[in-house]
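Novice: In our numbering, the protein residues as written are 5 to 418.
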């Protein structure tokens with residue numbers, strides 16, 4: 005929209021062109037950040053049109069990166085444009101005691117502080133520290149809006165106030181919901197009723213509702229926040245975990261693999277401990293697989309959303325046309341072995357094949373073709389670690405599966 009208000013005078017010289025590009029980079033950069041802030045509200049259900057919370061976060065991340073780059077370019081382009089007049093003018097465009105200009109620098113510095121860990125420049129960021137740093141987004145939005153409202157001159161005055169005022173209000177409202185009001189909506193109280201060790205560093209928690217139970221679809225996930233002082237780490241922190249239970253089950257089941265301090269501590273949470281569940285989120289698996297044929301590829305703990313769907317199908321006596329390939333390192337890492345075999349035998353049209361890396365090597369085209377000869381005619385869902393997702397996509401494309409028929413779910417939300 006900003007391009008509609010570019011005038012011939014903006015092309016009068018190299019300096020005016022650079023000034024125009026500087027103003028546009030500021031407008032587009034702040035717009036990206038405001039939309040990213042709006043997407044951060046994490047209201048249960050809001051993620052569905054985007055294909056689930058994981059894909060929404062990916063869009064949020066791309067918008068944040070785009071805004072970051074554009075806003076870094078913003079003051080430099082303005083300074084280069086002013087340099088056509090004089091070096092003094094260029095320096096004055098960057099450094100001034102004007103409050104509006106200082107607000108712009110404060111916004112940019114806050115943006116740099118909370119964005120840099122996202123790019124893993126200093127290694128893998130600590131999840132909780134990364135979340136706390138992201139609260140600086142509020143400072144970026146507030147000071148960025150103040151800077152733009154005071155100095156912006158691309159839009160007519162009436163448009164200027166309306167556009168930035170309305171978009172700023174939406175962004176700040178989304179952040180206010182996430183940080184303050186979300187505790188009153190979409191959260192459910194549960195108590196741990198059972199802790200079932202499944203393999204080394206993997207447990208399944210069974211949760212009994214204390215009030216209204218969560219309503220969800222198979223394969224969705226929630227944020228779990230324990231209230232257990234005896235935990236060695238993670239008490240009061242929220243982390244995402246996939247639901248393994250069927251929606252009709254009287255208890256909520258969550259599988260947790262020890263991947264960090266908090267998830268490792270949850271392996272030993274005491275029965276009777278209280279937890280808060282927020283959600284549901286995700287849109288990985290459709291509610292109904294019929295009538296199409298499907299191939300599911302799971303890696304390690306990535307079996308959980310498929311297990312939830314199989315438990316749901318068995319409880320509803322639904323038939324499927326699914327070939328499930330479950331990839332694990334060896335038998336010691338095989339989760340739910342007996343139950344999966346029983347479900348495959350019970351559900352009409354469900355076939356299970358286990359791929360052991362230590363026996364079969366990396367998953368390859370030969371293995372997939374042997375156990376799913378009609379793979380090119382199937383829609384494929386893949387859940388597991390990033391290397392398996394990447395390798396599986398390459399195998400499936402070579403087998404003739406269209407890119408649009410491959411659905412993936414990664415383990416990271418960063």
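For glycine and all other residues, C-beta sits at the position ideal for the given N, C-alpha and C. Note that the structure is predicted; figures quoted are calculated from it, not measured.
With three or more beta-carbon pairs closer than 8 Å as the criterion, would you say the stretch 277-288 touches the stretch 193-201?
Specialist: They touch, by the three-pair rule.
Novice: When the distance is taken between beta carbons, is residue 266 closer than 8 Å to residue 232?
Specialist: The residue you call residue 232 lines up with position 228 of the chain shown. The residue you call residue 266 lines up with position 262 of the chain shown. No, the pair does not count as a contact, with Cβ atoms beyond the cut-off.
Novice: Around the Cβ of residue 169, are there at least 16 other Cβ atoms within 10 angstroms (buried) or fewer (exposed)?
Specialist: The residue labelled residue 169 in the question sits at position 165 within the chain shown. Result: exposed.
Novice: Using 8 Å as the cut-off, can you tell me whether the stretch 221-240 makes contact with the stretch 148-163, which would need three or more C-beta pairs spanning the two stretches below that distance?
Specialist: Result no; under three Cβ-Cβ pairs closer than 8 Å.
Novice: Can you check the stretch 85-172 for any alpha helix (DSSP H) of at least 4 residues that lies completely inside it and give the ranges in chain order?
Specialist: Runs found: 91-98, 103-119, 131-137 and 140-155.
Novice: I'd like the ranges of any beta strand (DSSP E) spanning at least 3 consecutive residues and lying wholly in the stretch 190-277.
Specialist: Here the runs fully enclosed are 191-203, 206-213, 225-231, 243-246 and 256-261.
Novice: Kindly indicate which three-state DSSP category residue 377 falls into: helix, strand or coil?
Specialist: For the purposes of this step, residue 377 is taken as the residue at position 373 of the chain shown. DSSP places residue 377 in coil when its eight states are reduced to three.
Novice: Helix, strand or coil for residue 72, going by three-state DSSP, please let me know.
Specialist: Here residue 72 is taken as the residue at index 68 of the chain shown, counted from 1. Helix at residue 72.
Novice: Can you list, in chain order, the residues of its chain with a C-beta nearer than 8 Å to that of residue 87? Leave out the 5 residues immediately preceding and following it.
Specialist: Position 83 of the chain shown, counting from 1, holds the residue named residue 87. Cβ neighbours of residue 87 beyond the five flanking positions: 19, 93 and 94.
Novice: Alpha carbons only, please: which of 327, 211, 353 and 197 is nearest the one belonging to residue 384?
Specialist: If you number the chain shown from 1, residue 384 lands on position 380. Per the Cα distances, 327.
Novice: Count the other CB atoms within 10 Å of the CB of residue 370; is the residue buried (16 or more) or exposed (fewer)?
Specialist: For the purposes of this step, residue 370 is taken as residue 366 along the chain shown, with counting starting at 1. By the 10 Å Cβ count, residue 370 comes out exposed.
Novice: Alpha carbons only, please: which of 141, 100 and 16 is nearest the one belonging to residue 72?
Specialist: Position 68 of the chain shown, counted from the start, is the residue given in the question as residue 72. If we check each option's Cα against that of residue 72, 141 comes out closest.
Novice: Rounded to a whole number of angstroms, what is the C-alpha to C-alpha distance between residue 50 and residue 12?
Specialist: Residue mapping note: residue 50 aligns to position 46 of the chain shown, counting from 1. Residue mapping note: residue 12 aligns to position 8 of the chain shown, counting from 1. Near 42 Å, if we compare the C-alpha coordinates of residue 12 and residue 50.
Novice: Return the residue from the list 248, 314, 393 and 42 that minimises the CA-CA distance to residue 354.
Specialist: Taking the first residue of the chain shown as position 1, residue 354 is located at position 350. Nearest option by C-alpha distance: 314.
Novice: So what does DSSP say about residue 45, is it helix, strand or coil?
Specialist: In the chain shown, the residue the question calls residue 45 occupies position 41. Correct three-state label for residue 45: coil.
Novice: I think residue 329 touches residue 375, with their Cβ atoms under 8 Å apart; what is that distance to the nearest whole Å?
Specialist: As a first step, residue 329 must be located in the chain shown, where it is residue number 325. As a first step, residue 375 must be located in the chain shown, where it is residue number 371. Residue 329 to residue 375, Cβ: 6 Å. Contact.
Novice: Taking only the alpha-carbon atoms, compute the straight-line gap between residue 223 and residue 117 and give it to the nearest angstrom.
Specialist: Counting from 1 along the chain shown, the entry for residue 223 is found at position 219. Counting from 1 along the chain shown, the entry for residue 117 is found at position 113. Straight-line Cα distance between these residues: approximately 35 Å.
Novice: Does the pairing of the stretch 177-184 with the stretch 37-46 give three or more beta-carbon distances under 8 Å?
Specialist: With the cut-off at 8 Å, the stretch 177-184 and the stretch 37-46 touch.
Novice: Quick check: residue 341 and residue 204, are their CB atoms within less than 8 Å of each other?
Specialist: In the chain shown, the residue the question calls residue 341 occupies position 337. In the chain shown, the residue the question calls residue 204 occupies position 200. Contact: no.
Novice: State the DSSP-derived secondary structure class of residue 350, mapped to helix, strand or coil.
Specialist: Against the chain shown, residue 350 aligns to sequence position 346. Here residue 350 sits in helix by DSSP.
Novice: For residue 146, collect the residues of the same chain with a Cβ closer than 7 Å to its Cβ; drop the 5 residues on either side in sequence, then sort them by chain order.
Specialist: Counting from one through the chain shown, the residue named residue 146 turns up at place 142. Once the five neighbours on either side are set aside, residue 146 has no close Cβ partner at all.
Novice: Taking its Cβ as the centre, do 16 or more other Cβ atoms sit within 10 Å of residue 333, making it buried, or is it exposed?
Specialist: Taking the chain shown and counting its residues from 1, one reaches residue 333 at position 329. Classification of residue 333: exposed, given that the 10 Å Cβ count is below 16.
Novice: Which value, in whole angstroms, describes the spacing of the CA atoms of residue 302 and residue 216?
Specialist: As a first step, residue 302 is located in the chain shown; it is residue number 298 there, counting from the start. As a first step, residue 216 is located in the chain shown; it is residue number 212 there, counting from the start. Cα to Cα, the separation comes out at about 32 Å.
Novice: Taking just the CA atoms, how far does residue 99 sit from residue 105?
Specialist: Along the chain shown, one-based indexing puts residue 105 at 101. Along the chain shown, one-based indexing puts residue 99 at 95. For residue 105 and residue 99, the distance between alpha carbons rounds to 8 Å.
Novice: Roughly how many whole angstroms lie between the Cα atoms of residue 89 and residue 101?
Specialist: Start at 1 with the first residue of the chain shown, and residue 89 comes out as number 85. Start at 1 with the first residue of the chain shown, and residue 101 comes out as number 97. Distance between the alpha carbons of residue 89 and residue 101: 21 Å.
Novice: DSSP three-state call for residue 338: helix, strand or coil?
Specialist: The residue given as residue 338 occupies position 334 in the chain shown. Coil.
Novice: Using only the alpha-carbon positions, how far apart do residue 378 and residue 403 sit?
Specialist: Taking the first residue of the chain shown as position 1, residue 378 is located at position 374. Taking the first residue of the chain shown as position 1, residue 403 is located at position 399. Their Cα atoms are separated by approximately 9 Å.
Novice: Kindly indicate which three-state DSSP category residue 64 falls into: helix, strand or coil?
Specialist: Taking the first residue of the chain shown as position 1, residue 64 is located at position 60. Here residue 64 sits in helix by DSSP.
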